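Asker: Input: one structure, supplied below.
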Amino acid sequence: MILNYGDVGPITMKQKCSKCDMQAIFFRKYSGEKLCKNCFSGSILQKTSKTISKYKMIKRGNDVAVAVSGGKDSLVLLHILNKISRKLDFNIKAITIDEGIKGYRDEALQIAHTFCKQLKIEHHVYSYKKLFKLTLEDALDLRKSKMSACSICGTLRRRAIDIAAKDINHNIVATAHNLDDQIQTFIINMISGDVNKIGFMHPDSTTNRIKPFSEIYESEIVFFAYINNIPFQSEPCPHMNEGIRTQIREFVNMLEKEHTGIKNNLLKSILKISNTTKKLYGKEKKMCINCGNLCSNDICSVCSVRSQITKT
Ligand code: SF4
Ligand SMILES: [Zn+2]
Ligand SMILES: [Zn+2]
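Throughout, the numbering used here is defined as the position within the sequence shown, counted from one, plus 952.
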């Protein structure tokens, strides 16, 4: 049997785990480790715990709202945080945002609901329709500017998650953004000239939004879900290729294939740059003149999206 998964190198059945006597099923190309199922799963748990403690993301007794979309990353995050919460003694609840994307979100909602029930974690669903009086599909029909579906959706989702977390009294929000997402976001911010947003990418820049997977390759999270039988929605969102993110993902994956470990190096650079940018562009928070939410300009991003949806 040969496994060759994304950033993972090929491995044959005969090779032993670098940490124990079991048979290796995974070759972590950038570190040279060959790992069996248990040691690989343990390493993901350890990496996550290390990121949490390095950036002091969660303290004992905290209430953490985990944003669960029903995709692989968020369900793996819920699974891992559930395990860590017993050791670190913090509380978790799951929130799912229903954007109102026909034929896509329903399956994900069902998977998230069943998984939370299995883990005995409270699950709360909030919809764009209820919070913003329109679904994503309504917003796309109304849009007259060139904004991509993901820019509109991402802006609304951030606000929806904040509202949901506040509503269930869980002041820390954990999202499943992984190392690949971080790199893509950095490049997108560079391309769009949003240099000030790079400052907000540093894990120290916010206290209530945490990304415990920000130092883990996406391919390793997929592999974790696969070997631990974590169900997830495999059907992609019909709008995912509208933005530039997919092209950037493919480009960075191609670089990683040729130059093993390049993603880890990129992340190190991003952390240094975002730390400096945070100090340079750190603006004082203002109140949106429309809705009163905290933001860095006169009008918050949600109100700005709303005005662009209806602009004639
Ligand atoms: S791919 Fe884009 S449009 Fe689809 S759910 Fe994600 S952010 Fe929203
Ligand atoms: Zn092992
Ligand atoms: Zn506003």
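Each residue gets a CB set at the ideal place from its N, CA and C atoms; glycine is no exception.
If you're wondering where the values come from, they're calculated on a predicted model, not measured in any experiment.
For S1219, which residues from the same chain have a beta carbon less than 7 Å from its beta carbon, with the 5 sequence-adjacent residues on both sides left out?
Answerer: In the sequence shown, residue 1219 corresponds to position 267, counting from 1. Note that residue 1219 is Leu in the sequence shown, not Ser. Answer for L1219: L1131, Q1134, I1135, E1167, listed in chain order.
Asker: Considering only residues of the segment 968 to 1018, which uninterrupted alpha helix (DSSP H) runs meet the minimum length of 4 residues and lie entirely inside it, listed in chain order?
Answerer: Taking only runs of at least 4 residues, the alpha helix (DSSP H) segments lying wholly in the segment 968 to 1018 are 989 to 1006.
Asker: Is the separation between the beta-carbon of A1126 and that of I1162 shorter than 7 Å?
Answerer: In the sequence shown, the residue the question calls residue 1126 occupies position 174. In the sequence shown, the residue the question calls residue 1162 occupies position 210. Going by C-beta atoms, A1126 is nearer than 7 Å to I1162.
Asker: Please classify C1102: does DSSP put it in a helix, a strand, or coil?
Answerer: As a working note, residue 1102 is residue 150 in the sequence shown. Residue state, collapsed to three classes: helix.
Asker: Determine the direct distance from the alpha carbon of V1018 to that of D1114, and round the result to whole angstroms.
Answerer: To locate residue 1114, count along the sequence shown from 1; it is residue 162. To locate residue 1018, count along the sequence shown from 1; it is residue 66. Each residue's alpha carbon lies about 11 Å from the other.
Asker: I1104 to V1077, Cα distance in whole Å?
Answerer: Residue 1104 sits at position 152 when you count from the first residue of the sequence shown. Residue 1077 sits at position 125 when you count from the first residue of the sequence shown. Each residue's alpha carbon lies about 20 Å from the other.
Asker: Would you list the one or two residues that DSSP bridges to A1091?
Answerer: By 1-based counting over the sequence shown, the position of residue 1091 is 139. Note: A1091 sits in no beta bridge, so no partner.
Asker: Residues around ligand 2, please: the ones whose beta-carbon is closer than 7 Å to some heavy atom of it, in chain order.
Answerer: So the residues near ligand 2 by this Cβ test are C969, K971, C972, M974, L987, C988, N990, C991.
Asker: Please state whether the Cβ-Cβ distance between L1033 and I1047 is less than 7 Å.
Answerer: Position 81 of the sequence shown holds residue 1033. Position 95 of the sequence shown holds residue 1047. The answer is no: Cβ separation not under 7 Å.
Asker: According to DSSP, is M953 part of a helix, a strand, or is it coil?
Answerer: For the purposes of this step, residue 953 is taken as the residue at position 1 of the sequence shown. With a pLDDT of 44 at M953, under the threshold of 50, the modelled position of that residue is not reliable, and the figure given next carries that caveat. Three-state DSSP puts M953 in coil, outside helix and strand.
Asker: Please list, in chain order, all residues of the same chain as K1069 whose beta carbon is under 8 Å from its beta carbon, the five residues on each side excluded.
Answerer: Walking along the sequence shown from the start, residue 1069 turns up at place 117. The answer, listed in chain order, is H1075.
Asker: Is N1123 near ligand 3 - that is, is its Cβ less than 6 Å away from at least one heavy atom of it?
Answerer: Mapped onto the sequence shown, residue 1123 falls at position 171. For ligand 3, not one heavy atom lies less than 6 Å from the Cβ of N1123.
Asker: Relative to the alpha-carbon of S1157, which residue among V1257, Y982, I1063, T1228 has its alpha-carbon at the smallest distance?
Answerer: Reading the sequence shown from its first residue, position 205 is the one you call residue 1157. Nearest C-alpha to S1157: T1228.
Asker: Report the CB separation of Q975 from K968 in whole angstroms; it is logged as a contact under 8 Å.
Answerer: Counting from 1 along the sequence shown, the entry for residue 975 is found at position 23. Counting from 1 along the sequence shown, the entry for residue 968 is found at position 16. Yes, they are in contact, since the Cβ atoms of Q975 and K968 sit about 7 Å apart, within 8 Å.
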